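Under my numbering, the letters of the sequence shown match residues 11 to 171, in that order. These notes concern the structure reproduced below.
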Amino acid sequence: VDMVRIDSGALKLAPEATDLTDAVASAVHDLKTLLHGSRIDLRVPPDLPLVQADPTLLHHILINLLANAAVHGGAGAIEIGGRRVRDEVTLSVRDHGPGLLPGSEAQVFETFAQGRGGDRHGGSGLGLAIAKGFAEAMGVGIAAHNDPEGGAVFSLCFRLR
(Lines of atoms letter the chains of each structure in order from A and count residues from 1; the text may use other names and numbers.)
(Lines give C-alpha, C1' and ligand atoms only; values in the text may rest on other atoms or scores of the structure.)
Protein backbone atom coordinates (compact mmCIF):
# COMPACT_ATOMS: atom_id res chain seq x y z
CA VAL A 1 0.00 0.00 0.00
CA ASP A 2 2.81 2.43 0.88
CA MET A 3 4.59 1.74 -2.41
CA VAL A 4 1.38 2.38 -4.35
CA ARG A 5 0.92 5.71 -2.55
CA ILE A 6 4.53 6.65 -3.32
CA ASP A 7 4.39 5.57 -6.98
CA SER A 8 1.04 7.28 -7.62
CA GLY A 9 2.01 10.52 -5.91
CA ALA A 10 -0.91 10.09 -3.49
CA LEU A 11 1.13 10.74 -0.34
CA LYS A 12 -0.40 13.49 1.77
CA LEU A 13 2.34 15.45 3.51
CA ALA A 14 1.87 17.29 6.79
CA PRO A 15 5.33 18.72 7.50
CA GLU A 16 6.00 20.40 10.82
CA ALA A 17 8.94 21.40 12.99
CA THR A 18 10.20 18.06 14.31
CA ASP A 19 12.61 17.20 17.12
CA LEU A 20 14.84 14.36 15.89
CA THR A 21 15.61 13.21 19.44
CA ASP A 22 11.89 12.69 20.08
CA ALA A 23 11.40 11.04 16.67
CA VAL A 24 14.21 8.54 17.33
CA ALA A 25 12.96 7.81 20.87
CA SER A 26 9.47 7.09 19.53
CA ALA A 27 10.76 4.71 16.84
CA VAL A 28 13.02 2.88 19.32
CA HIS A 29 10.08 2.55 21.72
CA ASP A 30 7.81 1.12 19.01
CA LEU A 31 10.49 -1.45 18.07
CA LYS A 32 11.35 -2.46 21.64
CA THR A 33 10.47 -6.11 21.00
CA LEU A 34 12.59 -6.37 17.83
CA LEU A 35 15.42 -4.33 19.39
CA HIS A 36 15.38 -6.35 22.63
CA GLY A 37 18.93 -7.52 23.19
CA SER A 38 20.40 -4.89 20.86
CA ARG A 39 22.46 -2.15 22.43
CA ILE A 40 21.33 1.25 21.21
CA ASP A 41 24.06 3.89 21.24
CA LEU A 42 22.23 7.20 20.92
CA ARG A 43 24.44 10.10 19.87
CA VAL A 44 21.87 12.71 18.92
CA PRO A 45 22.70 16.02 20.61
CA PRO A 46 19.68 17.49 22.40
CA ASP A 47 20.46 20.92 20.94
CA LEU A 48 20.02 19.90 17.28
CA PRO A 49 17.70 22.34 15.55
CA LEU A 50 14.19 21.24 14.69
CA VAL A 51 13.80 19.97 11.13
CA GLN A 52 10.84 20.19 8.76
CA ALA A 53 9.38 16.72 8.34
CA ASP A 54 6.11 14.87 8.28
CA PRO A 55 6.24 13.11 11.68
CA THR A 56 4.32 10.05 10.47
CA LEU A 57 6.50 9.51 7.40
CA LEU A 58 9.68 10.15 9.41
CA HIS A 59 8.52 7.59 11.98
CA HIS A 60 8.06 4.99 9.23
CA ILE A 61 11.51 5.77 7.81
CA LEU A 62 13.15 5.38 11.22
CA ILE A 63 11.26 2.15 11.89
CA ASN A 64 12.55 0.73 8.58
CA LEU A 65 16.15 1.84 9.17
CA LEU A 66 16.25 0.56 12.76
CA ALA A 67 14.56 -2.74 11.88
CA ASN A 68 17.04 -3.20 9.04
CA ALA A 69 19.94 -2.58 11.44
CA ALA A 70 18.49 -5.00 14.00
CA VAL A 71 17.98 -7.80 11.46
CA HIS A 72 21.18 -7.39 9.44
CA GLY A 73 23.48 -5.69 11.92
CA GLY A 74 25.09 -8.53 13.78
CA ALA A 75 25.76 -8.52 17.50
CA GLY A 76 27.21 -5.02 17.83
CA ALA A 77 25.44 -1.88 18.89
CA ILE A 78 23.10 0.09 16.67
CA GLU A 79 24.51 3.61 16.63
CA ILE A 80 22.15 6.50 16.00
CA GLY A 81 23.96 9.77 15.42
CA GLY A 82 22.94 13.31 14.66
CA ARG A 83 24.93 16.37 13.70
CA ARG A 84 24.56 19.76 12.16
CA VAL A 85 26.91 21.03 9.50
CA ARG A 86 26.10 24.53 8.28
CA ASP A 87 22.55 24.47 6.90
CA GLU A 88 22.02 20.69 7.14
CA VAL A 89 21.20 18.23 9.88
CA THR A 90 22.18 14.61 9.31
CA LEU A 91 20.71 11.67 11.20
CA SER A 92 22.48 8.33 10.73
CA VAL A 93 21.83 4.72 11.74
CA ARG A 94 24.88 2.46 11.78
CA ASP A 95 25.00 -1.26 12.39
CA HIS A 96 27.96 -3.60 12.88
CA GLY A 97 26.97 -6.31 10.44
CA PRO A 98 28.71 -7.38 7.23
CA GLY A 99 27.91 -4.10 5.51
CA LEU A 100 26.62 -3.55 2.01
CA LEU A 101 27.84 -5.41 -1.03
CA PRO A 102 30.43 -3.20 -2.75
CA GLY A 103 28.73 -1.08 -5.39
CA SER A 104 25.21 -1.72 -4.06
CA GLU A 105 24.84 1.51 -2.08
CA ALA A 106 22.18 2.95 -4.40
CA GLN A 107 20.54 -0.38 -5.26
CA VAL A 108 19.61 -1.16 -1.62
CA PHE A 109 16.80 1.38 -1.98
CA GLU A 110 15.26 -0.31 -5.02
CA THR A 111 12.00 -2.24 -4.70
CA PHE A 112 12.58 -5.88 -3.71
CA ALA A 113 16.31 -5.32 -3.18
CA GLN A 114 17.90 -7.86 -0.86
CA GLY A 115 21.27 -7.40 0.77
CA ARG A 116 23.80 -9.96 1.90
CA GLY A 117 22.06 -13.19 2.79
CA GLY A 118 19.19 -12.62 0.35
CA ASP A 119 15.80 -13.55 1.73
CA ARG A 120 17.28 -15.58 4.58
CA HIS A 121 16.12 -12.91 7.02
CA GLY A 122 12.52 -12.93 5.82
CA GLY A 123 12.36 -9.34 4.60
CA SER A 124 10.13 -8.28 1.74
CA GLY A 125 12.73 -6.07 0.09
CA LEU A 126 10.33 -3.12 0.41
CA GLY A 127 11.42 -1.44 3.65
CA LEU A 128 14.31 0.61 2.29
CA ALA A 129 12.41 1.42 -0.93
CA ILE A 130 9.56 2.78 1.19
CA ALA A 131 12.03 4.72 3.35
CA LYS A 132 13.52 6.29 0.23
CA GLY A 133 10.11 7.15 -1.23
CA PHE A 134 8.97 8.79 2.01
CA ALA A 135 12.26 10.69 2.37
CA GLU A 136 12.14 11.98 -1.20
CA ALA A 137 8.49 13.02 -0.80
CA MET A 138 9.58 15.22 2.12
CA GLY A 139 12.65 16.58 0.31
CA VAL A 140 14.97 14.71 2.69
CA GLY A 141 18.12 13.12 1.33
CA ILE A 142 18.72 9.44 2.06
CA ALA A 143 21.93 7.53 1.41
CA ALA A 144 23.76 4.36 2.38
CA HIS A 145 27.43 3.50 2.63
CA ASN A 146 29.79 1.15 4.41
CA ASP A 147 31.57 2.42 7.50
CA PRO A 148 35.37 2.07 7.20
CA GLU A 149 35.36 0.21 10.54
CA GLY A 150 32.62 -2.19 9.42
CA GLY A 151 28.87 -2.23 9.13
CA ALA A 152 26.40 -0.24 7.08
CA VAL A 153 25.39 3.38 7.64
CA PHE A 154 22.08 4.83 6.49
CA SER A 155 21.78 8.61 6.62
CA LEU A 156 18.97 11.13 6.37
CA CYS A 157 19.93 14.68 5.42
CA PHE A 158 17.56 17.51 6.33
CA ARG A 159 18.09 20.93 4.82
CA LEU A 160 17.43 23.72 7.28
CA ARG A 161 15.12 26.37 5.87
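Backbone N, C-alpha and C fix where the C-beta goes; we use that ideal spot for every residue, glycine too. Nothing here was measured: the structure is a model prediction, and the numbers come from that model.
(message) Out of VAL61, GLY47, ALA37, which one is the CA nearest neighbour of GLU26?
(response) By one-based count along the sequence shown, residue 26 stands at place 16. It is VAL61 whose Cα lies nearest to the Cα of GLU26.
(request) Give the straight-line distance between the Cα atoms of LEU45 and ALA77, rounded to the nearest whole angstrom. (result) For the purposes of this step, residue 45 is identified with residue 35 of the sequence shown, where counting begins at 1. For the purposes of this step, residue 77 is identified with residue 67 of the sequence shown, where counting begins at 1. Approximately 8 Å between the Cα atoms of the pair.
(request) Would you check if there are 3 or more beta carbon pairs closer than 8 Å linking the stretch 77–96 to the stretch 156–170? (result) yes
(request) In the DSSP assignment, find the alpha helix (DSSP H) that holds GLY137 and state where it starts and stops. (result) Sequence index remark: in the sequence shown, residue 137 carries index 127 (1-based). Counting along the chain, the alpha helix (DSSP H) containing GLY137 begins and ends at 137–148.
(message) I'd like the list of long-range same chain contacts for ASP29, defined as Cβ closer than 7 Å, with 5 residues on each side in sequence excluded.
(response) For the purposes of this step, residue 29 is identified with residue 19 of the sequence shown, where counting begins at 1. Correct list, in chain order: LEU60.
(request) With a threshold of 16 other CB atoms inside 10 Å of the CB of LYS142, please say whether the residue is buried or exposed. (result) Mapped onto the sequence shown, residue 142 falls at position 132. Under this definition LYS142 is a buried residue.
(request) Report back the beta-carbon spacing between LEU110 and ALA154 to the nearest angstrom; my notes put them in contact at under 8 Å. (result) As a working note, residue 110 is residue 100 in the sequence shown. As a working note, residue 154 is residue 144 in the sequence shown. Indeed, because the Cβ distance is near 6 Å, the residues count as touching under 8 Å.
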